[in-house]
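Engineer: Pasting a structure here, questions to come.
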Amino acid sequence: MSSSSTLQTRLIITIIFNICFVPLAILVIQDYRRDEFSKRLFGAFPAERRPLKIYNIFDCLIRINTMLSISIFILNLYNFNSFEWLDRIFLAIGIPLTFLWLAIGSAMVRLENHILVGIFYLISLFQPGFLCYCIYNAVINTSTYVTSATIITTTFTVSTAMTTNSSVIPSTLFTSSMLPMNTTAIPTNLVSVPDALYVCIGTNFLSHILSLIFAFLCIHNFGKGLKERVFNNRIDKWFQRH
Numbered sequence: 014m015s016s017s018s019t020l021q022t023r024l025i026i027t028i029i030f031n032i033c034f035v036p037l038a039i040l041v042i043q044d045y046r047r048d049e050f051s052k053r054l055f056g057a058f059p060a061e062r063r064p065l066k067i068y069n070i071f072d073c074l075i076r077i078n079t080m081l082s083i084s085i086f087i088l089n090l091y092n093f094n095s096f097e098w099l100d101r102i103f104l105a106i107g108i109p110l111t112f113l114w115l116a117i118g119s120a121m122v123r124l125e126n127h128i129l130v131g132i133f134y135l136i137s138l139f140q141p142g143f144l145c146y147c148i149y150n151a152v153i154n155t156s157t158y159v160t161s162a163t164i165i166t167t168t169f170t171v172s173t174a175m176t177t178n179s180s181v182i183p184s185t186l187f188t189s190s191m192l193p194m195n196t197t198a199i200p201t202n203l204v205s206v207p208d209a210l211y212v213c214i215g216t217n218f219l220s221h222i223l224s225l226i227f228a229f230l231c232i233h234n235f236g237k238g239l240k241e242r243v244f245n246n247r248i249d250k251w252f253q254r255h
């Protein structure tokens, strides 16, 4: 796959998932309204509203983490030699697993289910490994790209020097001295590492750590009436019964 095709793939996937995140924005608005409702529900006691505020922060963190993870999956499309098949696996498995992690994280607090808590933390273990792979992959690809560019410059400089020095050589030798003009081209299937990838990796790692911390705080608030007072719509009640 060429560099232009890879960039087009990135653009298409980005547009698709940006459209998918519109419903998530609607859910954020609903969470804000729920927080306003909690002020009337719990009265003027900040300590009583604290579990809901912690959940709202946790819910926003896992959504931000999900968006950053998908951005990294897209930016990590290098199609570089043996990494091509691995990138496809990450796209096919990683993105659905990221959405599953988001759904489980939200459901475990709403349902106060300890089994979902275990699954949530189990899936969370894969993300640091993926981020480390992305950093390693980016460093390797960057060094390969720079090395290839250096080889091209060196070869061209030597060829130019041979052409200049050959002005005193007979014409028959001058023609043969032009043969070393063969250069080592940069691989066409290597896409340069975007700077945004490093920003996404750093921000994603930070949001992931914060998500785990606030998940622990949410678990600590299990059994304090949040499920009965706030998460009591039809969908929540159906899942609570099953």
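Numbering (this note's numbering), first residue to last: 14 to 255.
Backbone N, C-alpha and C define an ideal beta-carbon position, used for all residues, glycine too.
The model shown is predicted, which means the values in this text are computed figures rather than measured ones.
Measuring straight from C-alpha to C-alpha, what distance separates G131 and L138?
Structural biologist: Distance between the alpha carbons of G131 and L138 is about 11 angstroms.
Engineer: From R76 to I85, what does the alpha carbon distance come to, in whole angstroms?
Structural biologist: 14 angstroms
Engineer: Near T216, what residues of its chain come up, given a Cβ to Cβ distance below 7 angstroms and the 5 sequence neighbours on each side ignored?
Structural biologist: L81
Engineer: Tell me whether K66 is buried or exposed, calling it buried when 16 or more other Cβ atoms sit within 10 Å of its Cβ.
Structural biologist: K66 is exposed by the Cβ-count criterion.
Engineer: Helix, strand or coil for G215? Go by DSSP, reduced to three states.
Structural biologist: helix
Engineer: A228 to Y68, Cα distance in whole Å?
Structural biologist: 8 angstroms
Engineer: Between N89 and E125, what straight-line distance do the alpha-carbon atoms span, to the nearest angstrom?
Structural biologist: 35 angstroms
Engineer: In whole angstroms, what separates the C-alpha of W98 from that of S119?
Structural biologist: 32 angstroms
Engineer: Sorted by chain position, which residues of the same chain lie with C-beta nearer than 7 angstroms to M121's C-beta, five sequence neighbours on each side aside?
Structural biologist: L129, V130, F133
Engineer: Spatial neighbours of I232 within its chain, please: CB distance less than 7 angstroms, with the 5 preceding and 5 following residues excluded, ordered by chain position.
Structural biologist: Sequence-distant partners of I232 (beyond 5 residues in either direction) whose C-beta falls short of 7 angstroms from its own C-beta, in its chain, are V130.
Engineer: Going by C-alpha distance, which of H127, R63, L74, I214 is nearest L11?
Structural biologist: Given a span of 14 to 255 for the chain in the structure shown, any question on residue 11 remains unanswerable.
Engineer: For L104, which residues of its own chain have a beta-carbon under 7 angstroms away from its beta-carbon, when the five flanking residues on both sides are left out?
Structural biologist: Closer than 7 angstroms at Cβ, skipping near neighbours: F86.
Engineer: Give me the Cα-Cα distance between I136 and L210, rounded to the nearest whole angstrom.
Structural biologist: 22 angstroms
Engineer: What would DSSP say about F235, mapped onto helix, strand or coil?
Structural biologist: coil
Engineer: Closer than 8 angstroms by C-beta to F71: which residues in its own chain qualify, once you throw out the five before and the five after it? Chain order, please.
Structural biologist: G118, V122, S224, F227, A228, L230, C231
Engineer: Alpha helix (DSSP H) containing A105: first to last residue?
Structural biologist: Run containing A105: none; DSSP gives neither H nor E here.
Engineer: If I'm right that P64 touches L239 with Cβ under 8 angstroms, what's the distance once you round it to whole angstroms?
Structural biologist: 5 angstroms
Engineer: Using 10 angstroms around the beta-carbon of C145, count the other beta-carbons present and answer buried if the total reaches 16, otherwise exposed.
Structural biologist: That one is exposed.
Engineer: Under 8 angstroms, do T79 and L115 count as touching if we go by C-beta distance?
Structural biologist: yes
Engineer: Let me know the secondary structure DSSP gives K240 once reduced to three states.
Structural biologist: helix
Engineer: With 16 other CB atoms within 10 Å as the buried threshold, where does I100 fall?
Structural biologist: Sequence inspection shows Asp at residue 100; the Ile mentioned does not correspond to that position. Buried, since its Cβ has 16 or more Cβ neighbours within 10 Å.
Engineer: Given a threshold of 16 other Cβ atoms within 10 Å of its Cβ, counted over all protein chains shown, does H127 qualify as buried or as exposed?
Structural biologist: exposed
Engineer: Whole angstroms are fine: how far does the CA of N150 sit from the CA of D208?
Structural biologist: Distance between the alpha carbons of D208 and N150 is about 13 angstroms.
Engineer: Note the first and the last residue of the continuous alpha helix (DSSP H) segment covering L129.
Structural biologist: 127–137
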